[in-house]
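Quick note on numbering: the sequence shown equals residues 385 to 583 in my numbering.
Backbone N, C-alpha and C define an ideal beta-carbon position, used for all residues, glycine too.
Being a predicted model, the structure only gives us computed values, none of them experimental.
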Amino acid sequence: MSASTPPRPVRADAERNVTRILEAAKVVLADDPTASLERIADEAGLARATVHRRFACRKALLDALFAQLNEQYLHALDEAKVETAPPLVALHRVTELVIGIKFSHRLAVDVVSRVHNGHSFLGDEVVERAELLFSRLHAAGAITAASPSWCLRLYLAVLDAVHQLPAGAPELGEGDDAAARTRLQVSTVLGALGGRGPQ
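Below, the structure written as structure tokens:
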């Protein structure tokens with residue numbers, strides 16, 4: 385193939401196989417983070433050679449799950465306009481979206497979180513943009529904590545606790561579950577960082 389020949393597009397069935405493999409990986413690895421590619425192939429209902437053709441090793445598969453989840457977080461940061469929206473508005477909106485991701489992609493979040501301990505499961509761009517939001521909150525006087533890295537670590541710790549609350553927990557109060565979790569997350573984080581809640 386010459387240098388000017390464009391690469392062949394991935395066939396539709398190959399794309400479907402990748403989707404099946406990633407979905408199977410979420411199920412299997414949520415149960416057993418050390419599971420082999422062979423076990424994931426069995427869960428996907430595909431030949432082991434098919435899985436190995438798409439993902440040469442376990443790390444390649446985990447990297448694909450990591451990238452998929454980080455794309456969701458980047459989309460949330462884009463939609464919340466963390467660089468330009470009023471910082472308290474952006475914090476509320478990104479929290480609302482991230483809580484949605486944690487519930488709609490629960491298995492992926494669990495798998496990636498187990499494999500990457502701490503907030504290192506977030507890609508560099510996600511961390512950089514999230515920390516920028518906390519810098520903006522500090523500059524606007526909405527929080528007194530000055531270290532964006534510390535703010536993000538605290539945010540993620542609270543997010544995990546809020547996510548683990550059972551539906552109807554007294555901490556959530558009344559109303560829509562997602563909205564209640566968002567309110568609890570934002571008010572707890574702002575309070576812990578020396579800030580004020582949404583007005």
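- When secondary structure is reduced to three states using DSSP, Ser420 falls in the coil class, being assigned neither helix nor strand.
- Closest in alpha carbon position to Ala541, among Phe487, Glu399 and Thr572, is Thr572.
- Within the stretch 519 to 554, the runs of alpha helix (DSSP H) that reach at least 4 residues and sit entirely inside it are, in chain order, 532 to 548.
- By the Cβ neighbour-count rule, Gly552 is exposed, with fewer than 16 other Cβ atoms within 10 Å of its own.
- In the three-state reduction of the DSSP assignment, Thr468 falls in the coil class.
- Per DSSP, the unbroken alpha helix (DSSP H) holding Ala414 starts and ends at Ala396 to Asp415.
- A direct Cα-Cα distance of roughly 14 Å separates Thr528 from Glu515.
- By the beta-carbon neighbour count (other beta carbons within 10 angstroms, threshold 16), Cys441 is exposed.
- A direct Cα-Cα distance of roughly 16 Å separates Asn401 from Leu446.
- Burial check for Val473: the Cβ neighbour count within 10 Å stays below 16, so the residue is exposed.
- Contact between the stretch 453 to 466 and the stretch 480 to 487 is present: 3 or more CB-CB pairs across the two stretches fall below 8 Å.
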